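Asker: Before anything else, here's the structure in question.
Protein chains: 2
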Amino acid sequence: MSAPLRIALAGLGTVGAGVINLLERNGGLITRRAGRPIEIVAVCARDRSKDRGIDLSRYPWEDDMTLLAGRADVDVVVELVGGSDGPALALARRTLAAGKGLVTANKAMIAHHGMELAEAAEQAGNGAGAPLKFEAAVAGGIPVLKGLREGVAANDVARVYGILNGTCNYILSTMERSGRDFAEVLGEAQALGYAEADPAFDIEGIDAAHKLAILAALAFGSRIDFGAVETTGITRIRAADIAQAEALGYVIRLIGLAEGAASQGGLFQRVQPCLVPLEHPLAAVDGATNAVVIEGNFAGRLLFQGAGAGDGPTASAVVADLIDIARGVDTAPFSVPVEALEARGPADPGNRLGRTYLRFNVTDRPGVLAEITAAMRDAGVSIESLIQEGRPEEGGEVLVVLVTHEGPESAVIQALELLQGSDSVIEPPLVMPLLA
Amino acid sequence: MSAPLRIALAGLGTVGAGVINLLERNGGLITRRAGRPIEIVAVCARDRSKDRGIDLSRYPWEDDMTLLAGRADVDVVVELVGGSDGPALALARRTLAAGKGLVTANKAMIAHHGMELAEAAEQAGNGAGAPLKFEAAVAGGIPVLKGLREGVAANDVARVYGILNGTCNYILSTMERSGRDFAEVLGEAQALGYAEADPAFDIEGIDAAHKLAILAALAFGSRIDFGAVETTGITRIRAADIAQAEALGYVIRLIGLAEGAASQGGLFQRVQPCLVPLEHPLAAVDGATNAVVIEGNFAGRLLFQGAGAGDGPTASAVVADLIDIARGVDTAPFSVPVEALEARGPADPGNRLGRTYLRFNVTDRPGVLAEITAAMRDAGVSIESLIQEGRPEEGGEVLVVLVTHEGPESAVIQALELLQGSDSVIEPPLVMPLLA
């Protein structure tokens, strides 16, 4: 038996406790598979006295997190502190600078600082390199980063997209099933612990955008460009939208989608609610499940689906990274060396072709439909169907829902610009693409 | 740039041609990702003159396949000849004996000789070891072996199961959609090229059994035991079964399922048609698509779905293996060294709990139902629902369909034994478990 892989755990929230639990319960089989034991030599968290439901007395406690990176008895630091900057980033930098491996579940940190950290990992140990792994940062227990980096490595990937945020998917699929409105379902999700007290990160799409930026870099060999992810959350979706979508044969899902085959110029990255056709595999994904689709030019369409969060699945991904390190599997964090990653500007979304769902809230008076349809005509948008709800909502407001034929996104934007000064359109229209 | 990985291709059927096509089209990105080029230094097939739609003049032709393994300029042999024994096995043995790497898409050879070949790979090069990889052998372009070996390596896997044969799935989902009977749909599938002229390997479940045996070994750290896979094909499924299943809220799929968590004794491996509940992700898998579910004790239920066959997807998996080798990623073919794999006997299926669908073909005369239900009672099988078709089929035959409550499989077997002498039961009943 070879020497153990010695790890230090920073952060003992649910995921940290999950990692300890996993290493304890599955230790024997992990040692067999990794070829050597994975041993926790130090643990560290803000509050030592907190009851985490696990016995920590077996593990040496380190009070000062920053010291973990310097310990001679540590091979790999597992960063589960969270936050894009602050202590997590300081620890990550120190760890790699000390030539040690880093495993993290921190999507925000990787989305913001992944390039810097990958460079530091390459240069660690005077150029020998140190492993940097973050499978748990995207889609929880689903090994989709490994799938992209290794499983479909032979493919020119055209698109990668999926359901990347379990909270949003829980809310949308609950709205779908119950017919209730967003605010009510959000409140319930918070009460049940499926949504945070401050849910903005999830429901505004930022968490999904972090994950999408990481997926895109791996899929397309491009530098992470989180700032270029266009992000729209789910807060404006109404029960009426879900009902309309259903009538059209669709469900609404928050989809993170990136497009950037080698032949294309810019990289398209967007998180937004989309209409997903009922026959598409993502339409069947409900509750807190995540799912990612990868479209390769030889593999075709692959789907990876599973639990996107939770202590067990996330710990599963963290420890898979540790087993890779213990086995000596060390592919580049972003599939190719950082200097080989392309810095691609954002694609012009105006050229994108597709069908679009538009929901207008209008005042219930004559001429409104004429105004909307004239704007569409003048912008060259071809209308496939238009439904005006019979009964006015509170405040005399009426919903007009319109689905376009396939056409360029720029035409839809132009039509909306033409309507911007309108007295009849009460709030900015809700715009959702139909996923094709 | 490092030295190229030099490969020899044995077998130039659709998959071999697909590999050449892939390496030509995606060569640039593969070189970047692998860190070095993958170069074809020799090709070999039975018939040199056959038109394969690709230009072979660029590649040195080798007339004698057995010589590929001995060539000093070859690092890895890619075996795409097929067949569990014969030339493919001879080449595989020679290749590993010569200390070279072997990549194969040959599920039959791995199911029958995987243990021998994995041992040879370990001992190759005087114990230095040589890579042996076979991602393409299971589920085509879906990187599910990598998922098991690495992605869920931290988990005690309870079950692995899925739709492993595209031909059967095409036939079953077409029967479902069209209401037509098996023979007719098989004939159409043959005409369309979705089924072989001699379809036995697919429709009898043998192809799926090969794949299941490989999945089980990887999932449970057990030695491959293809002989222990209980295999039933789809030839006896009638349109009436599909209609009955639908009425109950199920579809019929050919499912390969293996169960063998570390805590269990024996290993359960079975390929047979099952009733899959409509809300299960496998129920939505239709046409020639494959899908595999892995249930880990921390990751939870993971689904991998995609094209299970075809030149593009299979080539994608073959070249992913080659990229792994070029990158120096060399985990044990069966996750742990061969000597660490357990030889587990088959589990006693009688202890398995579940609900069962039973279809009896009976003569249309009084007392038949009493006879069947008495046998069930005497064996302790509790009946959940029983339907007797109103109109007799040709020959005065009537179908009686029965679904049991959850109970041990042994009780169902006992009930069927009690009915074995019956004059009323025309052919052996069709027995299908309800997937839970």
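Going down the list, the protein sequences come from chains Z and W.
First residue of the first sequence: 1, per our numbering; consecutive thereafter.
First residue of the second sequence: 437, per our numbering; consecutive thereafter.
All residues carry an ideal CB built from backbone N, CA and C; glycine is no exception.
Remember, predicted model here, so these are calculated numbers, not experimental data.
I'd like the span of the alpha helix (DSSP H) that includes methionine 175(Z), first residue to last.
Answerer: One-based indexing of the first sequence puts residue 175(Z) at position 175. Looking at the DSSP string, the run of the alpha helix (DSSP H) that includes methionine 175(Z) is 166–178.
Asker: For the 8 Å Cβ check, are there 3 or more pairs between the stretch 120–128 of chain Z and the stretch 246–256 of chain Z?
Answerer: The answer is no - the stretch 246–256 of chain Z does not touch the stretch 120–128 of chain Z, with fewer than three Cβ pairs under 8 Å.
Asker: Check whether the Cβ of proline 60(Z) lies closer than 9 Å to any Cβ atom in chain W.
Answerer: The sequence position of residue 60(Z) within the first sequence is 60, counting from 1. No, proline 60(Z) does not count as interfacial toward chain W.
Asker: Within the continuous beta strand (DSSP E) that includes valine 477(W), where are the two ends?
Answerer: Position 41 of the second sequence holds residue 477(W). Residues 474–480.
Asker: Taking serine 316(Z) as the query, report the chain W residues whose CB atoms sit under 7 Å from its CB, ordered along the chain.
Answerer: Translated into positions along the first sequence, residue 316(Z) becomes position 316. Residues of chain W passing the Cβ test: Val588, Ala590, Asn591, Gly732, Phe734, Ala735.
Asker: Does valine 755(W) have its Cβ less than 9 Å from a Cβ in chain Z?
Answerer: Here residue 755(W) is taken as the residue at index 319 of the second sequence, counted from 1. Yes, its Cβ sits closer than 9 Å to a Cβ of chain Z.
Asker: At 9 Å on the CB atoms, spell out the chain W contacts of asparagine 26(Z), in chain order.
Answerer: Start at 1 with the first residue of the first sequence, and residue 26(Z) comes out as number 26. Near asparagine 26(Z) (Cβ distances below 9 Å), the residues of chain W are Ala590, Asn591, Asp592, Ala698, Asn733, Phe734.
Asker: Which residues share a DSSP beta bridge with threonine 531(W)?
Answerer: Counted from its first residue, the second sequence places residue 531(W) at position 95. In the DSSP output, where bridge partners are listed per residue, threonine 531(W) has none listed.
Asker: In chain W, which residues lie with their C-beta within 8 Å of the C-beta of valine 160(Z)?
Answerer: In the first sequence, residue 160(Z) corresponds to position 160, counting from 1. The contacting residues do not exist; valine 160(Z) stays about 14 Å from chain W at best.
Asker: What span of residues does the alpha helix (DSSP H) with valine 292(Z) cover, start to end?
Answerer: Here residue 292(Z) refers to the residue found at position 292 of the first sequence. Not the alpha helix (DSSP H): valine 292(Z) falls in the beta strand (DSSP E), residues 289–296.
Asker: Pull up the CB-CB distance for aspartate 311(Z) and lysine 133(Z), whole angstroms please, since I reckon it's below 8 Å.
Answerer: Mapped onto the first sequence, residue 311(Z) falls at position 311. Mapped onto the first sequence, residue 133(Z) falls at position 133. Your pair aspartate 311(Z) and lysine 133(Z) does not check out as a contact, with CB atoms roughly 19 Å apart and the cut at 8 Å.
Asker: DSSP three-state call for proline 869(W): helix, strand or coil?
Answerer: Residue 869(W) sits at position 433 when you count from the first residue of the second sequence. Three-state DSSP puts proline 869(W) in a strand.
Asker: Would glutamine 741(W) count as contacting chain Z if we go by Cβ distances under 9 Å?
Answerer: As a working note, residue 741(W) is residue 305 in the second sequence. Yes, contact with chain Z.
Asker: Could you tell me whether any Cβ in chain Z is nearer than 9 Å to the Cβ of proline 473(W)?
Answerer: The sequence position of residue 473(W) within the second sequence is 37, counting from 1. So no, proline 473(W) is outside the interface.
Asker: Consider the C-beta atom of valine 867(W) and the heavy atoms of the ligand PLP; say whether any pair is separated by less than 8 Å.
Answerer: The ligand PLP is absent from the structure shown, which contains no ligands of any kind.
Asker: Could you tell me whether the stretch 153–162 of chain Z touches the stretch 290–307 of chain Z, where touching means 3 or more Cβ pairs closer than 8 Å?
Answerer: yes
Asker: Consider the Cβ of serine 614(W): report whether some Cβ of chain Z lies at a distance smaller than 9 Å.
Answerer: Your numbering for residue 614(W) matches position 178 in the second sequence. It does not; no Cβ of chain Z falls within 9 Å.
Asker: So, serine 678(W) versus leucine 866(W), is the Cβ gap smaller than 9 Å?
Answerer: As a position in the second sequence, residue 678(W) is number 242, starting the count at 1. As a position in the second sequence, residue 866(W) is number 430, starting the count at 1. According to the sequence shown, residue 678(W) is isoleucine rather than serine. For the pair isoleucine 678(W) and leucine 866(W), the CB atoms are not nearer than the 9 Å cut-off.
Asker: For leucine 448(W), does the count of other Cβ atoms within 10 angstroms reach 16, so buried, or fall short, so exposed?
Answerer: The residue you call residue 448(W) lines up with position 12 of the second sequence. Leucine 448(W) comes out buried.
Asker: Curious, which full-length beta strand (DSSP E) runs of at least 3 residues does the stretch 214–290 of chain Z contain?
Answerer: 250–259, 268–277
Asker: For leucine 458(W), collect the residues of the same chain with a Cβ closer than 6 Å to its Cβ; drop the 5 residues on either side in sequence, then sort them by chain order.
Answerer: Residue 458(W) sits at position 22 when you count from the first residue of the second sequence. Taken in chain order, the residues that qualify are Ala751, Val755.
Asker: Go ahead and label asparagine 462(W) buried or exposed: buried means 16 or more other beta carbons lie within 10 angstroms of its beta carbon, across all protein chains shown.
Answerer: Reading the second sequence from its first residue, position 26 is the one you call residue 462(W). Burial call: buried.
Asker: By the three-class DSSP mapping on this structure, what secondary structure does glutamate 204(Z) have?
Answerer: Taking the first residue of the first sequence as position 1, residue 204(Z) is located at position 204. Of the three classes helix, strand and coil, the one that applies to glutamate 204(Z) here is coil, per DSSP.
Asker: With a CB to CB cut of under 6 Å and the five nearest residues on each side skipped, what residues in its chain are close to alanine 240(Z)?
Answerer: Here residue 240(Z) corresponds to residue number 240 of the first sequence, with the count starting at 1. Only residues of its own chain outside the window of five on either side were considered, and among them Leu399 have a CB closer than 6 Å to the CB of alanine 240(Z), listed in chain order.
Asker: Can the beta-carbon of alanine 432(W) be found less than 9 Å from the beta-carbon of glycine 452(W)?
Answerer: The requested residue 432(W) does not occur in the structure, where chain W is confined to residues 437 to 872.
Asker: Could you check the C-alpha separation between valine 721(W) and alanine 261(Z) for me, to the nearest Å?
Answerer: Here the question's residue 721(W) lines up with position 285 in the second sequence. Here the question's residue 261(Z) lines up with position 261 in the first sequence. Going by the C-alpha atoms only, they are around 27 Å apart.
Asker: Using a Cβ-Cβ cut-off of less than 9 Å, give me the residues of the stretch 322–336 of chain Z that come near chain W, in sequence order.
Answerer: Among the residues of the stretch 322–336 of chain Z, those with a Cβ less than 9 Å away from any Cβ of chain W are Leu322, Ile323, Asp324, Arg327, Gly328, Val329, Asp330, Thr331, Ala332, Ser335, Val336, in the order of the chain.
Asker: Return yes when the Cβ of leucine 870(W) is within less than 9 Å of the Cβ of valine 848(W), no when it is not.
Answerer: For the purposes of this step, residue 848(W) is identified with residue 412 of the second sequence, where counting begins at 1. For the purposes of this step, residue 870(W) is identified with residue 434 of the second sequence, where counting begins at 1. Contact flag unset, no.
Asker: Around the Cβ of serine 424(Z), are there at least 16 other Cβ atoms within 10 angstroms (buried) or fewer (exposed)?
Answerer: Locating residue 424(Z) in the first sequence gives position 424, counting from the first residue. Burial call: buried.
Asker: In the DSSP assignment, the alpha helix (DSSP H) including valine 15(Z) goes from what residue to what residue?
Answerer: Locating residue 15(Z) in the first sequence gives position 15, counting from the first residue. Note, valine 15(Z): alpha helix (DSSP H), 14–25.
Asker: Listed in chain order, which residues of the stretch 381–413 of chain Z have Cβ atoms closer than 9 Å to some Cβ of chain B?
Answerer: This model lacks chain B altogether; the protein chains it does include are Z and W.
Asker: Return helix, strand or coil for asparagine 787(W), following the three-state DSSP convention.
Answerer: Reading the second sequence from its first residue, position 351 is the one you call residue 787(W). Residue state, collapsed to three classes: helix.
Asker: Expressed to the nearest angstrom, what Euclidean distance is found between the alpha-carbon atoms of aspartate 202(Z) and proline 579(W)?
Answerer: The count along the first sequence starts at 1 and reaches residue 202(Z) at position 202. The count along the second sequence starts at 1 and reaches residue 579(W) at position 143. About 30 Å.
Asker: Mind reading off the beta-carbon distance from glycine 221(Z) to serine 335(Z)? Whole number of angstroms is fine, and I expect it under 8 Å.
Answerer: Mapped onto the first sequence, residue 221(Z) falls at position 221. Mapped onto the first sequence, residue 335(Z) falls at position 335. Right, their Cβ atoms sit about 6 Å apart.
Asker: Taking all protein chains shown into account, do 16 or more other C-beta atoms lie within 10 angstroms of the C-beta of histidine 841(W), making it buried, or fewer, making it exposed?
Answerer: Sequence index remark: in the second sequence, residue 841(W) carries index 405 (1-based). By the neighbour-count rule (16 or more Cβ atoms within 10 Å), histidine 841(W) is not buried but exposed.
Asker: Could you list which residues in chain W have their beta carbon closer than 9 Å to that of lysine 146(Z), in chain order?
Answerer: As a first step, residue 146(Z) is located in the first sequence; it is residue number 146 there, counting from the start. Ordered by position in chain W, the residues that pass the 9 Å Cβ test against lysine 146(Z) are Pro579, Lys582, Gly583, Glu586, Gly587.
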